[in-house]
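Colleague: Residue numbers (this note's numbering), protein chains in the order written: chain Z, 2 to 308; chain A, 151 to 606; chain F, 3 to 222; chain C, 2 to 613.
Even glycine gets a Cβ: it sits at the ideal position worked out from N, Cα and C.
#1: Could you tell me which residues DSSP pairs with residue 544 of chain C in its beta bridges?
#2: Write down the C-beta distance between residue 349 of chain A and residue 321 of chain A rounded to the nearest angstrom, noting that I regard them as a contact closer than 8 Å.
#3: According to a CB-to-CB cut-off of less than 8 Å, which residues of the region 291-308 of chain A neighbour chain F?
#4: If residue 414 of chain C and residue 357 of chain C are in contact, beta carbons under 8 Å, what's the gap, nearest whole angstrom?
#5: If you draw a straight line from the alpha carbon of residue 158 of chain A to that of residue 227 of chain A, how long is it in whole angstroms?
#6: Going by the beta-carbon positions, is the gap between residue 422 of chain C and residue 337 of chain C smaller than 8 Å?
#7: At a CB-CB cut-off below 7 Å, which residues of chain Z make contact with residue 327 of chain C?
#8: Report buried or exposed for residue 81 of chain F, applying the criterion of at least 16 other Cβ atoms within 10 angstroms of its Cβ.
#9: Got a sec? Which residues, its chain only, sit under 6 Å from residue 480 of chain A by beta carbon, not counting five neighbours each side?
#10: Measuring CA to CA, which of C/400, C/95, C/381 is closest to residue 131 of chain Z?
#11: How far does the alpha helix (DSSP H) with residue 29 of chain F in it reach, from first residue to last?
#12: Within the continuous alpha helix (DSSP H) that includes residue 113 of chain C, where are the two ends?
#13: Short of 6 Å in beta carbon distance, which residues of its chain neighbour residue 26 of chain F, apart from the five on each side in sequence? Order them along the chain.
#14: Between the beta-carbon of residue 18 of chain F and the beta-carbon of residue 138 of chain F, is there less than 8 Å?
#15: Given that residue 502 of chain C touches chain Z, what residues does it touch there, using C-beta distances under 8 Å?
#16: What's the C-alpha gap between residue 308 of chain Z and residue 163 of chain Z?
#17: Which residues does DSSP list as the beta-bridge partners of residue 201 of chain A?
#18: Leaving out the 5 sequence neighbours to the left and right, which residues in its chain are closer than 6 Å to residue 275 of chain A when beta-carbon positions are compared?
#19: Skipping 5 residues on each side, what residues in its chain have a beta carbon closer than 7 Å to that of residue 341 of chain C?
#20: Give me the chain F residues within the contact set of residue 308 of chain C, using Cβ-Cβ distance strictly less than 7 Å, ordered along the chain.
#21: Pop quiz: residue 230 of chain C and residue 277 of chain C are said to be a contact at Cβ under 8 Å. What is the actual Cβ separation, rounded to whole angstroms?
#22: Identify the continuous alpha helix (DSSP H) that holds residue 371 of chain C and give its terminal residues.
#23: Within 10 angstroms of its Cβ, does residue 200 of chain F collect 16 or more other Cβ (buried), or is it exposed?
#24: Could you tell me which chain F residues have their CB closer than 7 Å to the CB of residue 590 of chain C, listed as they occur along the chain?
#25: Could you give the first and the last residue of the continuous alpha helix (DSSP H) run that contains residue 190 of chain Z?
#26: Given that a residue counts as buried once 16 or more other Cβ atoms are within 10 Å of its Cβ, and exposed if not, what is residue 333 of chain A?
#27: What is the DSSP secondary structure of residue 128 of chain Z, reduced to helix, strand or coil?
#28: Give me the chain Z residues within the contact set of residue 521 of chain C, using Cβ-Cβ distance strictly less than 8 Å, ordered along the chain.
#29: So, with DSSP's three-state summary, where would you put residue 220 of chain A?
#30: Taking one C-beta from the region 216-227 of chain A and one from the region 252-265 of chain A each time, how about it: are there three or more such pairs within less than 8 Å?
#31: Using 8 Å as the Cβ pair cut-off and three pairs as the minimum, do the region 411-418 of chain A and the region 530-550 of chain A touch?
#32: If you measure between the beta carbons of residue 374 of chain A and residue 455 of chain A, is that distance less than 8 Å?
#33: Per DSSP, which one or two residues make a beta bridge with residue 505 of chain C?
#34: Alpha carbon to alpha carbon, how far is residue 462 of chain A from residue 212 of chain A? Give it in angstroms, no decimals.
#35: Could you say if the region 371-387 of chain C and the region 397-412 of chain C meet the contact criterion of at least three C-beta pairs nearer than 8 Å?
#36: Let me make sure I understand the geometry here. Which of A/325, A/475, A/288 has the alpha-carbon closest to that of residue 408 of chain A?
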């Protein structure tokens, strides 16, 4: 229990740093020095001190959206077996609460974007909604995959309680579901093949477009939320991939954080190697992720790697 | 007691004679008094059971039909009193109405009371003769054409019925029994010894003959024209009264069927019933004229009645006929009101009646819903009992056809009653006063439905 | 005695053939009248005089029959024809040669079919004659254009039915016979009035042009 | 005593019908009647609860009827004759209260068809509009077809030698028509936009469930559970996916809500399907979660859909139109309605803080217990159910964000002036929302009562598990509320020291004067997704591109009519019309043809008589 809390605090602190790592990796590939690791924290503190400008056409939804998204992401964080020790708050069915908390965060961002009556934010919202349909389907298939393996519906047992043998018995399907999860991570956290965070051309933005009009503390909450979301997905990826039953608590903590940073590095590498997909190809990639996960599930069922 | 029954026939004849004499002056008064007298007499001898040589009242169903017809006639006369004030018609047609309506009632009563096949045939032929001039009330070309077709087709049909009666007598002779006059009770007790072959031909001819008057499909062609061209009151009487009497003819013939032939008769009745139900359904779907739609609904219900008679027997048929007559009478009277107000029978040109004449529109919609057999109406229960006892293929087919009829009628009625007011100038005031008799008709039907539903 | 009956029955067959072939209306009316008279006479011929002379009822029925069908109906029809101003049936729907052929084929068929049907006490010609008369009546209604010819066809149809009754020696009571005759009389009377009004309303009495009332959707 | 609530409602209905001349009195009588009947219903339920499933199906009516009554007091001002409205409103409520309590089939069938007729009168209440003819006709046809099929169903029980499947199929079709199963749902998107908002609130909140109740009470007792489970599951999957995909493609706000009712009834039938499958393979957890899922979803759907429809009613009264693309910016003019609508929409798409999630969580757990049970059939059913549920949840998010974004957020598009919202209308919405929040927190306590109601033995261990889960779910929803208030408070007081918030036009990347026409409309939001599903939606587009150098006008219109109606029902009706046109030729008007037909028929009958 104590170790889990430690992991939680660590996650809350290090989440924005992941962006720093990604930017550093991209800079390294581009031969640049790149922004500081803690740049996101500095931005957040700067923004927290600023006043915010609210558009005349926006209502209370615009003000509530960032707050709601942050709260949702924080609650989603509580169920994850951070540091490979099971979270005290986990219960049978918390995987679905996790999935739907992400959904709640998404709808609040979308409504906040639509509230400003600006065409770019509407465009971002429309694209976000389109991708969310397929990515949520893939996430659920992943949960089914884990449920079949661990025959339970609790995130703790699903991710950590599967014992070490699952790599031997179901290696190909594990690999496929890791790839599918990576695709979902790229979509949910709006990384390059789906959406380019650094672009200044509003027409191409998706996530950035939705938060165009936010300012001051709201923008800070949003950035911090984005960091949390990246941390959540990388934590799940590491928990999925690393069989960490035999580790001692301290080494487990180390493995988890390094796993998250490793994912950040991997995201940075993919960003520097790939350009943004054409807008019509993104759904195909998402459908690809969905089919990969479906294949993993089918493989698991047929190959009988089930307890 | 036979004199009481004879009185039932002579009273309307008397009113007809008086009306003829005074050339249509107090025609309304005469009509009303005759109908009240006739209704009183009918109620008085409701439960007398007597079997005279020519006329008599033997079974419960005939008593019901007698009271139904005379109650119907009374309702139509009350309607006529206020309707004739609103309808501007020539003295001559008023005179013809005064004569022919009571005679029409007299002949219908004779049909119900007759205990002799010959007398029944003469009475049915006489109903045709006396109802033909009534169709001519509006003196239009179309009414004339309707009357000519009515006369010719019905007379040919009734001729076949006479041939059927002769064949029946011949079947009795071939069966070894010498009969002098065609008394029904005599035929009933020699029922078994009738020659089956000849009886089948006799039944076929009688079914064709009385089926023409009843509106079974291959012989129905006169019915839509006659019922839509006649004025509201007359078509109500035609549709609600006359069809039941002609159905009585078929019932009396079928009652004679010896068991060897019984199965053939029910099969024939079912086939003709289903045929008329199907044809009426297809004619109602794309119907452009609301009175013809009601006429086809009569054909449909006569089809259902014949299937009911073949499958479930006489009691269900009686309830079906009573309910159908009550609702159809009020529907035709309402249709008369609509025609009086809008001047046209084209469904496409009428719309928005709820706004203009709400009382008539609501009653018309309620009537059509009831005639399509929706629970409060007794037709729902009879159709339900029919579905329970009919074979599977018949039940499936009937449900499909009933749905088609419902779809067709509701589309027409809703397009007339709902929507914005149409460009026709509608003088609704007179029609709105004429709604009391239809209301009584519908309430009577609902009462029958509730009473029958409770004890089902 | 049955030789006379057979003579009457063959006369009926002849009348049917002539009816289907003649175009002049007055001629047709006289033929139908002749049918009526023969019908009146037939029960008397059928009565076996040896046993007893027929009662007043039989005489009365025969007399009324002859008077109504032989005399009264033709008068009514001729008056209606005069009022309607119609002399002859110009171009009927089925053509005279065709109708003659059809009626003769029908009578041949009736005769051939009924030879197996031997009924005691009834001459073999009775049923075919009645059947052919009924068929001719219907055929005239279907194939002729003028309204008056159609009512004539109906009368022939009615005579066919009466012939069947008389030939089979079925008596169904004097009052019923009277009622039937009264009905037919009133019917023809009403048809006469109807024809007169049609001719006044439409200036023609062609039944096939009387087709305003249809369901085929297009409003005439 | 049991039928007292229905009796009072019926009496109130007849009374207000009688005094339809004086509108005001009718309104008072009607409203009082509804509230009285509902209190009587609740009293009878508390004192002597009828056993079995029927108690549950009375609950939505008892909740929605008073709310809709209060709403319609303001809604029907100036629309039509209040006497008729209140009369038939109470009569419909009476039939809906009486239906769950009737046990034998024949009286049930009679009250069932009466309900159809009374609600039909309500659907065609504002009869003045010409375009109302078709929806009213379609609705009446659906009721009548359902009634006829149920008559046949009743008749089949008397016949011997009838195959079990046919008996089962006709019963399912008869009740499915009212419940809105996939192919039989076409009356729903037609009737709801046409009906007054409070009526469509009752119809979709409470009346549709009665269809499902009919199936549970009358059709299923004789059939083996696996077959029932699988049919309901498959129908539920098709219905929910089809319903929600069409929902987000609609432009009319009430059509969106109608299709979302189809989706929700699909989810409920999936839950019931899982229960029966669990029962067939006696997997206790699946049964418990299935029952809880369907019960919670029925109640939650009634609460939330009622709020949404009342909100739509208020929008219609305020702006006079229901087309999402024409409206916009209503949150500023009708704030309370807007917020309630948003909250209910978020809840109905199954997202956590509200009770929608409780129902969906239970169904997910039923599916997952199927997946983890190891029985192959259950596993595939569980995977199918879970996958379809998540896809429908995602699409529901799309549909409702379009509905909220299009109508309430942003700047007003074509409809600029809008009346003030009247308290009569948004007070019921607030009560329903309050009830749904209470439902979240009362779920753990009501769960054992619901399971006891169904009285299947040996479920107590699973019930304890379910209770614990519900307790957790409720606590996390509470946590979400606390966290939000916490963050808001700290943002309000701790962070902002002295920096005040100004307001200005939306920063639209340098556009000087952004106008409302530049805004993303509802149909634009879902245009990408609509293309994704186009092979299923078959959207009908009417485009005239701008021609010439200086194009004078260009227009783009699109609509997505109901798929099953366009490709299945319309051809069937057209074929019937074609056949009837051919049959009409027989009544050609020629007397000769008529007599010829008669003679031919006669000869045929005589020959048949001689031969047979």
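Modeller: Answer, in terms of the structure:
#1: C/557
#2: 4 Å
#3: 291, 292, 294, 295, 296, 297, 298, 299, 301, 302, 305, 306
#4: At roughly 29 Å, the Cβ-Cβ gap does not stay under 8 Å, so residue 414 of chain C and residue 357 of chain C are not in contact.
#5: 17 Å
#6: yes
#7: Here the premise fails: no neighbours, minimum Cβ distance about 15 Å.
#8: exposed
#9: 517, 588, 591, 592
#10: C/400
#11: 27-48
#12: 106-124
#13: 90
#14: yes
#15: 52, 53, 54, 55, 217
#16: Because the pLDDT at residue 308 of chain Z is just 47, under 50, the model does not fix this residue reliably, and the value given afterwards should be weighed accordingly. So the alpha carbons of these two residues sit roughly 10 Å apart.
#17: A/206
#18: 308
#19: 308, 312, 427, 430, 431, 434
#20: Those do not exist, as residue 308 of chain C stays about 49 Å from chain F at its closest Cβ, beyond 7 Å.
#21: 3 Å
#22: 357-373
#23: buried
#24: 213, 214, 215, 216
#25: Run containing residue 190 of chain Z: none; DSSP gives neither H nor E here.
#26: buried
#27: helix
#28: 115, 120, 122, 123, 124, 126, 127
#29: helix
#30: yes
#31: no
#32: no
#33: Z/56
#34: 18 Å
#35: no
#36: A/325
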